[in-house]
Amino acid sequence: MAGLAATLGRGAMSNPLADMEKPDVIFCIGTNMTETHPVAATRLKKAQARGATLIVADPRRIPLARRADLHLPLRVGTDVALLGAMAHVIEREGLVDETFLAERTEGWERLREHLRAFTPEWAEGICGVEAADIERAAIAYGRAERGAIYYTLGITEHICGVDNVQSLCNLMLMTGNVGRPGTGINPMRGQNNIQGAGDVGALPNHFPGFQPVTDPANQEKFERAWGVRVDLQKGMTKVRALERAGEKVFGMLICGENTVVSDPDAGHCRRALGSLEHLVVIDIFLTETAELADVVLPASAWGETDGVFTNTERRPQRVRAAVAPPGEARAEWWIVSQLAKRLGAGGFDYESAAQVFDELCSLSPTYHGLSWELVAEGRHQWPVPEAGHPGTPLLHIGEFPRGRGLFTTPEYRDPAEVTDEDYPVWLTTGRRLAHYHTRTMSGRSAGPEFLVPEEVVEVHPADVAAWGLTDGEPAILASRRGSVVVKVAADDTSPRGTVFSSFSFSEVPVNVLTGSGYDPITDTAELKVCPVRIEPA
Amino acid sequence: MTGTTPTGAASNRLTLDGETVAFEEGESLFELARRHGDAVSSLCFDDRLEPLGACRLCAVEVEGQARPVASCTTLAHAGMVVRTRTADLERHRRILTDLIVSENPTGAAIDSLRGSASQELAQLAGRYEADGRRFGGARSGASRADDANPMILRDYDHCISCYRCVRICSEQQGDDAISVGGRGFRTRITTEFDGLLADSACTFCGQCVQTCPTGALADRRALEHAETPGELAATRSICPYCGVGCSLDILTKGERIVGVRPAPDGPANEGALCVKGQFAWEWVQHPDRLTNPLVRKDGELVEASWDEALDRAAEGFREVAAAHGREAVYAVASGRAPHESAYTIQKLVRVCFQTNQIDNCSRS
């Protein structure tokens with residue numbers, strides 16, 4: 004999100020989900036959408052059935068790639084090379100939108116100079132995609148009347164996540180594919196309310212509504228609202244906080260996250276949490292993380308809790324309690340408020356979720372025109388700046404929040420770790436359709452467990468033979484940080500030399516292996532690239 | 177569309193059962209008739225699908241046409257004279273309904289837990305007092321009792337070959353996992369190579385289950401609660417899994433969640449769900465749920481009262497702040513919980529410790 008915030012002034016999906024049926028060229032990169040956002044993917048299938056061209060860049064032959072008109076099987080972590088070469092071709096072929104460049108962007112001359120070196124032939128040597136296919140993709144997107152870009156964590160979970168996002172943004176800006184239906188740059192958010200967690204200010208750099216904490220005016224605004232002067236200094240990201248656990252950070256409150264299974268370098272993470280003097284976990288199950296806590300507070304779950312989720316297209320929608328929570332479990336806003344009161348804070352006398360949400364609306368420019376009553380129908384997409392505003396399904400019409408769209412000049416960098424003699428195989432991680440994250444939910448449901456009862460590592464059939472592995476038999480997967488034992492599945496979804504596994508099963512804690520590096524701007528972990536060694540167990 | 181009367185151009189008018197009515201460009205006679213009453217029904221129609229004209233129940237008379245026409249596949253034209261309520265049509269619908277009901281081993285009665293549209297045939301049978309006895313004898317369709325997947329029941333004894341499942345899988349879901357095999361009386365709904373769903377292109381989204389008008393395809397997770405006592409109730413909510421934000425109804429009997437159904441008017445999903453949203457909800461009332469606060473005593477987590485647990489939680493943070501400074505306390509909010517959770521957590525950090533030592537789980 005930081006990548007788009009810097010170049011456009013707003014880090015969020017630009018177009019509504021309904022627009023996915025409208026492009027004539029769709030460029031999906033680093034998104035296994037049929038498995039991670041299955042219902043959104045049905046819209047892309049409909050667009051394709053109506054004649055849209057689908058281009059998919061992904062190291063693996065994922066289901067979306069099998070449907071694509073053109074699949075660009077790039078080597079993991081080489082997106083900047085591929086995207087830079089596409090931009091090079093668009094410029095070379097005269098497909099840039101000169102009017103759009105002149106009216107709505109800045110920095111083009113610098114980028115044009117920068118792109119000279121990004122020839123498709125140079126890129127082929129790095130990303131492994133044939134130069135001719137890079138040209139075909141670039142020309143198709145460059146010529147599109149309505150070209151739309153979709154991406155997820157395959158773009159951001161790299162040491163160069165921001166560079167990847169900004170490379171995509173360059174493509175969009177140079178072709179003017181923005182601010183109109185069926186266009187735009189569309190990061191699909193992975194969790195039901197991850198957009199909402201940012202919207203409400205659970206960020207080290209932003210108050211609610213993405214108001215920077217470093218702006219004294221915002222400090223004053225929240226001092227008036229809460230009666231407390233908050234530091235002007237940004238907080239740490241979670242990654243840094245875990246890194247500094249036991250030396251700078253000594254107490255942690257973790258809500259609804261199974262950190263020791265979902266986070267990179269699980270061994271380090273477990274040690275970090277172990278070095279705290281005080282850990283409080285709020286959750287619905289006794290997760291692997293909760294087991295480490297000093298205090299565990301039982302929360303009400305989905306289906307038991309009134310509240311609001313904001314989806315990936317910036318649409319706040321009501322969730323409702325259908326049944327009572329079990330035993331003593333309570334809504335998190337109640338639990339947190341009780342804790343805050345015991346810490347001496349005022350302003351936590353909420354009697355309902357509605358009161359909490361309405362306070363948020365009063366303080367957030369993006370939600371200012373919303374209320375608990377208004378979100379009941381889920382008809383608004385933020386920003387909703389004032390009461391009576393219809394909401395903003397389509398961002399960036401006429402002007403970007405920062406004014407002009409900014410071209411940046413990302414350079415290609417190798418991943419934090421590259422393959423070598425000891426670790427000759429690329430591991431990339433992701434999700435499977437039937438399961439969700441660390442299976443705390445889907446693993447306790449009969450359907451997903453029937454479909455995917457155990458984790459496997461997907462290895463190309465030719466590599467299974469070449470590496471002395473056996474389909475269906477266990478193998479040892481080892482990185483510089485640790486090793487796991489996992490069953491081999493011969494599967495041509497993975498290209499030769501690259502293997503795939505999800506992190507859903509705590510029996511196969513794949514994140515013991517990952518964690519080679521982090522994006523320097525966002526601290527997002529490079530979960531998509533990890534050199535490993537694989538041998539029969 | 178129900179209940180609205182478009183104000184089209186004067187030329188977009190026809191005569192429906194003696195009244196002059198306006199129609200919209202591209203509107204079928206079925207959609208038009210439905211806006212003006214309930215005379216015409218259908219079992220093969222679904223708003224999201226291309227009309228097929230398979231069940232013939234929606235037949236109407238159009239002046240100048242020798243025989244009744246399927247209204248779902250006939251577009252409205254200016255000047256048409258259309259009749260939907262004649263005695264002949266009613267007789268046709270009655271016989272046809274009886275014929276369809278005769279295909280069903282249990283008559284039309286079926287548990288509504290099977291799916292959203294599962295009562296359509298039953299309602300029609302009630303209306304035409306059809307018990308199927310007139311057409312006893314052989315039945316088509318053979319249930320796949322061997323398909324042991326725990327999500328989709330394939331009870332083809334109830335199948336009436338409306339092809340809604342085949343069409344929704346192709347047109348809406350885009351998976352083309354369901355196909356039609358055989359001809360005539362031996363027509364059957366099947367998958368590629370006649371196999372099990374798990375071995376086909378099926379992704380278990382459940383859309384076929386929800387559009388089936390007889391419950392031949394049914395929600396096995398929900399049917400486990402067929403005997404659970406209580407009135408069936410529905411609560412509108414949003415799916416708890418990915419960021420798409422699909423609208424759905426949580427089905428309950430008393431304090432028991434018994435199923436989930438997609439909301440046809442959900443802005444993000446327009447009636448669709450995926451395997452997780454549709455079938456993976458049992459975790460909510462799983463016995464593993466935490467039901468009491470826990471505090472660590474002598475190395476073990478033991479049950480405690482809210483007061484004790486909250487006091488202990490607060491005391492620990494106070495001690496950390498006193499010993500190491502305010503910024504030594506850190507919080508991670510959830511991207512899974514509602515806004516009110518993350519909002520109160522960030523406010524707690526900022527108000528109680530005056531720092532910005534707060535993040536959510538989006539970086540991993």
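Protein chains in written order, with the numbering used here: chain D, 4 to 540; chain P, 177 to 540. All residues carry an ideal CB built from backbone N, CA and C; glycine is no exception. Keep in mind the model is a prediction, meaning the values are calculated, not measured.
Query, Result
"Beta-carbon within less than 8 angstroms of Ala304 of chain D's beta-carbon, same chain only, minus the 5 sequence neighbours each way: which residues are those?", "Ile287, Pro328, Ala332"
"Buried or exposed: which applies to Asp417 of chain D, given that a residue is buried once 16 or more other Cβ atoms fall within 10 Å of its Cβ?", "exposed"
"Using a Cβ cut-off of 8 angstroms (strictly closer), state whether Ala9 of chain D contacts chain P.", "no"
"Which residues of chain P have a Cβ atom closer than 9 angstroms to the Cβ of Met23 of chain D, listed in chain order?", "The contacting residues do not exist; Met23 of chain D stays about 10 angstroms from chain P at best."
"Name the residue from D:Thr517, D:Ile537, D:Tyr521, D:Thr527 whose alpha carbon lies nearest to the alpha carbon of Ala492 of chain D.", "D:Ile537"
"Under a Cβ-count criterion, where at least 16 other Cβ atoms within 10 Å of its own Cβ denotes burial, should Arg243 of chain P be classed as buried or exposed?", "exposed"
"So for Ala44 of chain D, helix, strand or coil by DSSP?", "helix"
"May I ask you to list the residues that DSSP assigns as paired with Ile58 of chain D?", "D:Phe30, D:Leu73"
"Check the Cβ-Cβ distances between Cys528 of chain P and every residue of chain D, and say whether any is below 8 angstroms.", "yes"
"Check whether the Cβ of Ser448 of chain D lies closer than 8 angstroms to any Cβ atom in chain P.", "yes"
"Reducing DSSP to helix, strand and coil, say where Pro539 of chain D ends up.", "strand"
"Quick check on this structure: which residue in P:Ser218, P:Gly391, P:Asp287 has the alpha carbon closest to the alpha carbon of Leu272 of chain P?", "P:Ser218"
"How many Å lie between Gly179 of chain P and Leu208 of chain P at the Cα?", "Here the model assigns Gly179 of chain P a pLDDT of 43, short of 50, so the residue's position is not dependable and the matter cannot be decided."
"Just the Cα atoms here: how many angstroms apart are Val83 of chain D and Phe369 of chain P?", "44 angstroms"
"Quick one: is Pro523 of chain D buried, meaning 16 or more other Cβ sit within 10 Å of its Cβ, or exposed?", "exposed"
"Let me see if you follow: with CB-CB separation under 8 angstroms, is Glu476 of chain P close to chain D or not?", "no"
"Just how far apart, CA to CA, sit Cys341 of chain P and His271 of chain D?", "49 angstroms"
"May I have a chain-ordered list of the alpha helix (DSSP H) segments no shorter than 4 residues that lie completely inside the stretch 379 to 424 of chain P?", "383 to 387, 396 to 399"
"Going by DSSP in three states, Ser187 of chain P sits in which element: helix, strand or coil?", "coil"
"Which residue comes first and which comes last in the alpha helix (DSSP H) that contains Gly515 of chain P?", "Note that residue 515 of chain P is His in the sequence shown here, rather than Gly. Taken as a continuous stretch (DSSP letters only), the alpha helix (DSSP H) holding His515 of chain P covers 515 to 529."
"Can you find a CB in chain P that lies within less than 8 angstroms of the CB of Lys49 of chain D?", "yes"
"Go to Ser559 of chain D, then tell me how far its alpha helix (DSSP H) extends in each direction, as first and last residue.", "Outside the displayed range of chain D (4 to 540) lies residue 559 of chain D, so it cannot be described from this structure."
"So, is the C-beta of Ser340 of chain D closer than 8 angstroms to a C-beta in chain P?", "yes"
"Step through the CB atoms of chain D and report whether any lies within less than 8 angstroms of the CB of Asp331 of chain P.", "no"
"Verify the CB distance criterion: does Arg345 of chain D have a CB-CB separation below 8 angstroms to chain P?", "yes"
"So is Arg13 of chain D in contact with chain P if we call contact Cβ pairs under 8 angstroms?", "no"
"Short check: CB of Ile188 of chain D to CB of Leu73 of chain D, under 8 angstroms?", "no"
"Relative to the C-alpha of Leu192 of chain P, which residue among P:Gly240, P:Val257, P:Ser204 is closest?", "P:Val257"
"Under the DSSP definition of a beta bridge, which residues are partnered with Arg432 of chain P?", "P:Lys429"
"Gly259 of chain D to Ala509 of chain P, Cα distance in whole Å?", "7 angstroms"
"List the residues of chain C whose Cβ lies closer than 7 angstroms to the Cβ of Ser445 of chain D, in chain order.", "Protein chains D and P are contained in the structure displayed, whereas chain C is not."
"For Trp459 of chain P, which of helix, strand or coil comes out of DSSP?", "helix"
"Is the distance from the Cβ of Glu420 of chain D to the Cβ of Pro534 of chain D below 8 angstroms?", "yes"
"From what residue to what residue does the alpha helix (DSSP H) around Gln169 of chain D run?", "164 to 178"
"Against chain D, with Cβ distances strictly below 8 angstroms, would Tyr519 of chain P count as a contact?", "yes"
"Going by the DSSP bridge assignment, what does Ser355 of chain P pair with across the sheet?", "P:Thr366"
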